[in-house]
Amino acid sequence: MENLEDGDPRQRRHFGGEAAPATRKADKCGEEGGGEANDDEKIILRIIRTHGPLFVCENPSLFLQTLPQARKKHYRSDHLSIEELEYLGHSFDIVFKNEQDSHRRACLRERHATSCRVYRYLTDEMGLRLRHGSQFGAAFIGYRDVNGHGEYLVYLGPLSRLEEVAAVRVARSVAKEAWVAEEQQDGSGFSFTRLSPSVSGRASRETPRQLVMGTNGPKTVS
1 MENLEDGDPR QRRHFGGEAA PATRKADKCG EEGGGEANDD EKIILRIIRT
51 HGPLFVCENP SLFLQTLPQA RKKHYRSDHL SIEELEYLGH SFDIVFKNEQ
101 DSHRRACLRE RHATSCRVYR YLTDEMGLRL RHGSQFGAAF IGYRDVNGHG
151 EYLVYLGPLS RLEEVAAVRV ARSVAKEAWV AEEQQDGSGF SFTRLSPSVS
201 GRASRETPRQ LVMGTNGPKT VS
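This is the structure:
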């Protein structure tokens, strides 16, 4: 195993634009998101319906500066995954048009709790832009530049040896690195392991890093 190089995205901070200044209070009848936030004047993000596992936002222009990767290639930008919705919930008040969709959010949030935490860490701490990677059998595709070619395929572990081999083959076939994110058994954080050589071919396998989820978000344990 080799240590991370200076150019590795794990050393890069989030470089996206900040959310626009808040202008409206949350609707008291709606479902609020992002329990950590304390701001009483956050922008309302209205969810008007669902489309399969995706949530349809009334006005996507509200969040595209914060989440530019939400400009999707294969469907409209107003569709949000549960990971994207939960990430935005830390900056916006999430309000649902109907109670059924609010309940669906709660169910998906519980089912995909790990991927939501991984999404937030990779976005805020590693400076990556993420899109779903289901077409490659991965959890996410990671981008340094959302307008460019995604550099990373992120899989949620643990993976079997055969699954690791398959992940590496898929990643190499599309000129990407294969990463595995695995939650610690004691629930204290995550480890990230790079399975395949870096895009530049200078490293083989990365040493896992333990990440602790604190009250203000994830922290790296040295």
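Heads up: the sequence shown begins at 1 in UniProt numbering, then just goes up one per residue.
Quick reminder that beta carbons are idealized off the backbone N, C-alpha and C, glycines included.
Is residue i helix, strand or coil by DSSP?
i, result
"I43", "coil"
"S134", "helix"
"T50", "strand"
"E183", "strand"
"A175", "coil"
"H149", "coil"
"T193", "strand"
"H90", "coil"
"H112", "coil"
Within the continuous beta strand (DSSP E) that includes residue i, where are the two ends?
i, result
"V154", "Y152 to L156"
What number of angstroms, rounded off, separates the C-alpha of residue i from the C-alpha of residue j?
i, j, result
"D124", "L130", "11 Å"
"A138", "S115", "11 Å"
"Y121", "D78", "23 Å"
"R148", "P60", "Per the sequence shown, residue 148 should be read as Gly rather than Arg. Their backbone Cα atoms lie some 22 Å apart in a straight line."
"E183", "F190", "4 Å"
"residue 223", "L85", "Nothing can be reported for residue 223, as the shown portion of the chain is limited to 1 through 222."
Restricting to Cα atoms, I'd like to know which of the options is closest to residue i.
i, options, result
"Y119", "D101, S102 and Y143", "Y143"
"L62", "G89, I82 and P158", "G89"
"H112", "S160, L45 and I82", "I82"
"R172", "P68, S196, R117 and D93", "S196"
"V146", "P158, Q69 and E84", "Q69"
"V95", "E58, S134 and G127", "E58"
Could you check if residue i belongs to the surroundings of the ligand MN, using beta carbon to heavy atom distance under 6 Å?
i, result
"V170", "The ligand content of the structure shown is nil, which means the ligand MN is not present either."
Touching or not, the segment 166-176 and the segment 103-110, by the rule of three or more beta carbon pairs under 8 Å? no
The segment 175-193 / the segment 149-156 touching (three or more Cβ pairs under 8 Å): yes
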